[in-house]
């Protein structure tokens with residue numbers, strides 16, 4: 001507590017916002033003072049600012065004075081108005097201002113009716129004004145009407161001021177009417193009792209009882225010992241009291257190097273534990289306590305963990321133990337992933353790590369090779385060679401076969417042409433396509449054609465050209481006498497004295513026989 005006050009004395013309390021002033025705060029050496037603006041005065045507690053009632057203290061030159069916050073206002077009785085100086089009252093000339101209700105003559109009087117009275121309707125008499133019922137009074141609390149006036153009454157806890165109107169609060173604390181055993185705070189019309197630090201208000205709301213430890217009013221983190229008007233804090237074994245004299249802090253054996261851990265030390269409540277970095281383990285399962293820490297080194301020495309032998313590794317394939325850790329390796333065809341533990345397949349086909357001449361198909365941990373159509377895989381399982389279909393009877397050409405790299409093509413002999421299937425040879429009809437050399441008739445044959453001649457002609461030695469047959473010279477005519485060859489035929493004739501018959505072959509005598 002004392003150290004806290006010493007630290008506060010070194011601070012600017014006003015600037016730090018920890019003062020209790022209701023208005024102005026002025027810092028002083030080690031403390032502060034409170035002040036008030038104009039129109040206020042400092043309360044007896046030297047902290048709170050109260051409004052000054054100028055009407056009750058200074059009694060300004062007002063007919064009627066009304067207190068306001070930080071100031072006051074003046075008003076006048078009926079028949080008067082406030083003058084330019086704001087305080088004095090001037091008489092109103094109702095006759096001159098035609099404010100009267102006279103039917104004939106009007107005579108001015110000072111102020112009209114006396115205060116507390118009103119003029120009757122005939123303008124000649126005054127009647128009492130009930131200020132209480134018409135809310136024309138200035139009583140701060142109770143109002144009782146009287147003839148021409150109204151005295152004020154005050155409730156319990158208030159007293160009538162010198163103006164006989166305003167009720168002022170009775171400060172029971174200042175007049176020792178409260179009966180509080182310690183602190184007293186005045187309130188409007190009453191008061192409350194309070195207690196200093198270390199005490200609690202009892203059920204009579206007047207007496208203070210010293211009860212910090214028993215009523216949990218202390219802020220000790222562990223043990224509390226009550227003293228007269230205060231208390232003191234204490235700590236159990238294994239703890240020390242901090243500089244705030246309240247909080248118990250654990251003794252950190254690790255930070256004070258009181259432990260005997262070979263590697264890591266973790267402070268615990270009133271003790272500590274030893275631990276090992278990843279890849280190591282304590283020499284036994286025994287953990288040190290305050291009773292055993294100086295007797296046994298078990299639970300403090302870290303030994304290397306053979307993760308590979310104890311199946312504590314995360315390698316998917318091979319594991320090699322190292323000091324405090326381990327490394328992973330992979331079988332052929334696999335490689336370590338980014339976690340350095342998992343083996344993932346090497347995609348030889350995608351990384352150009354294969355030696356296939358044509359197609360590559362990835363497999364788990366390896367790959368296989370395949371060949372394009374027209375090729376066969378060699379015994380090495382990698383190289384592709386041409387099938388040479390024409391030499392191995394693996395072709396389907398109807399006539400000629402020509403091998404190509406990875407395939408073959410079909411061909412046809414002269415007078416044939418390749419069909420739409422690129423495999424079958426079809427005969428070419430030279431006659432219909434006019435591809436022959438016949439001078440007359442043409443007859444198509446399978447793979448060729450023959451020439452022919454009409455009657456009266458015969459093929460020449462070229463078997464294409466038709467030559468005229470000399471029927472007369474070759475005795476193939478049927479003339480009875482004379483024969484005359486013609487192009488492609490012949491005609492018969494007769495000697496003198498004969499004539500051809502109707503078939504124009506035989507000669508008949510016209511008159512005498514020859």
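Numbering (the UniProt record's numbering), first residue to last: 1 to 514. Where a beta carbon is used, it is the ideal one built from N, C-alpha and C, also for glycine.
ask   = Between which two residues does the alpha helix (DSSP H) harbouring residue 515 extend?
value = Since the displayed the chain opens at 1 and closes at 514, residue 515 lies outside it and no answer follows.
inquiry  = Less than 7 Å between the C-beta atoms of residue 442 and residue 453, yes or no?
reply    = Here residue 442 is not near residue 453, since their CB atoms are 7 Å or more apart.
query = Since residue 199 sits in a beta bridge, which residues does DSSP pair it with?
reply = For residue 199, which the question treats as bridged, DSSP gives the partners 210.
ask   = When we look at the beta-carbon of residue 476 and count the other beta-carbons within 10 Å, is it buried (16 or more) or exposed?
value = Around the beta-carbon of residue 476, fewer than 16 other beta-carbon atoms lie within 10 Å, marking it exposed.
query = So, residue 310 versus residue 279, is the Cβ gap smaller than 7 Å?
reply = Going by beta carbons, residue 310 and residue 279 fall outside the 7 Å limit.
ask   = Which class does residue 15 belong to by DSSP, given the choice of helix, strand or coil?
value = helix
key: Own chain, CB closer than 6 Å to residue 327, minus 5 neighbours either side, in chain order   = Within the same chain, 320 come within 6 Å of residue 327 by CB-CB distance, once the 5 residues on both sides are set aside.
Residue 314 - containing beta strand (DSSP E), residue span = The continuous stretches of beta strand (DSSP E) do not include residue 314, and DSSP gives it neither H nor E.
task = Tell me whether residue 351 sits in a helix, a strand or coil according to DSSP, three-state version.
result = helix
ask   = What is the C-beta distance between residue 55 and residue 66, in whole angstroms, given that I count them as a contact (C-beta under 8 Å)?
value = 7 Å
message = For a quick check, are the C-beta atoms of residue 35 and residue 24 less than 7 Å apart?
response = yes
request  = Kindly give me the distance between the Cβ atoms of residue 369 and residue 358, rounded to whole angstroms, as I take these residues to be in contact under 8 Å.
outcome  = 7 Å
ask   = By Cβ distance below 8 Å, which residues in the same chain neighbour residue 457 in space, the five residues on each side in sequence not counted?
value = For residue 457, where only same-chain residues beyond five positions count, the Cβ hits under 8 Å are 440, 466, 467, 468, 469 and 488.
request  = Give every residue of the same chain whose Cβ lies closer than 6 Å to the Cβ of residue 371, excluding the five residues on either side of it in the sequence, and list them in chain order.
outcome  = 358, 377 and 384, listed in sequence order.
message = As an exercise, report each continuous beta strand (DSSP E) stretch of at least 3 residues that is fully enclosed by the stretch 363-413, in chain order.
response = You should have 366-370, 375-377, 384-386, 400-404 and 407-411.
query = Would you say residue 88 and residue 61 are within 7 Å of each other, going by their C-beta atoms?
reply = Against a cut-off of 7 Å, the Cβ pair of residue 61 and residue 88 comes out as a contact.
task = Report buried or exposed for residue 364, applying the criterion of at least 16 other Cβ atoms within 10 angstroms of its Cβ.
result = exposed
Residue-level contact to chain B via CB, residue 422, 7 Å cutoff = The structure shown has no chain B; it contains just one protein chain.
task = Would you list the one or two residues that DSSP bridges to residue 217?
result = Paired residues: none, contrary to the question.
query = Who are the Cβ neighbours of residue 222 in its own chain at under 8 Å, not counting the five residues just before and after it?
reply = 233, 234, 235, 236, 239 and 248
request  = Could you check what DSSP says for residue 23 in three-state terms: helix, strand or coil?
outcome  = coil
ask   = Can you give the Cα-Cα distance for residue 374 and residue 396, rounded to whole angstroms?
value = 14 Å
key: Enclosing beta strand (DSSP E) for residue 356 [first to last residue]   = Note, residue 356: premise wrong, no beta strand (DSSP E); not H, not E.
request  = Kindly indicate which residue of 220, 253, 485 and 267 has the alpha-carbon position closest to the one of residue 244.
outcome  = When each option's Cα is compared against that of residue 244, the closest is 220.
task = Please name the residue or residues paired with residue 81 in a DSSP beta bridge.
result = 90
task = Find the nearest neighbour of residue 516 within the set 63, 19 and 57, judged by alpha-carbon distance.
result = Given that the chain is displayed from residue 1 to residue 514, the structure contains no residue 516 and the question cannot be resolved.
message = For residue 192, tell me which candidate among 210, 171 and 414 has the shortest Cα-Cα distance.
response = 171
message = Looking only at its chain, what residues have a beta carbon closer than 7 Å to the beta carbon of residue 409, apart from the 5 residues adjacent to it on each side?
response = 402
query = Relative to the C-alpha of residue 317, which residue among 303, 344 and 421 is closest?
reply = Selected option, being the one with the closest Cα: 344.
task = Check each candidate in 448, 204 and 425 and name the one with the smallest Cα separation from residue 435.
result = Looking at the Cα atoms, 448 is the closest of the given residues.
key: Classification of residue 70 by the beta-carbon crowding that lies within 10 angstroms, buried from 16 upward   = exposed
message = In chain order, what are the residue ranges of uninterrupted beta strand (DSSP E) at least 3 long that sit wholly in the stretch 159-188?
response = Complete beta strand (DSSP E) runs here, min 3: 167-169 and 183-187.
message = Using only the alpha-carbon positions, how far apart do residue 303 and residue 322 sit?
response = 12 Å
ask   = So, are the CB atoms of residue 515 and residue 426 less than 7 Å apart?
value = No answer is possible for residue 515: the residues shown for the chain start at 1 and end at 514.
query = Out of 230, 479, 504 and 205, which has the shortest C-alpha to C-alpha gap to residue 211?
reply = 230
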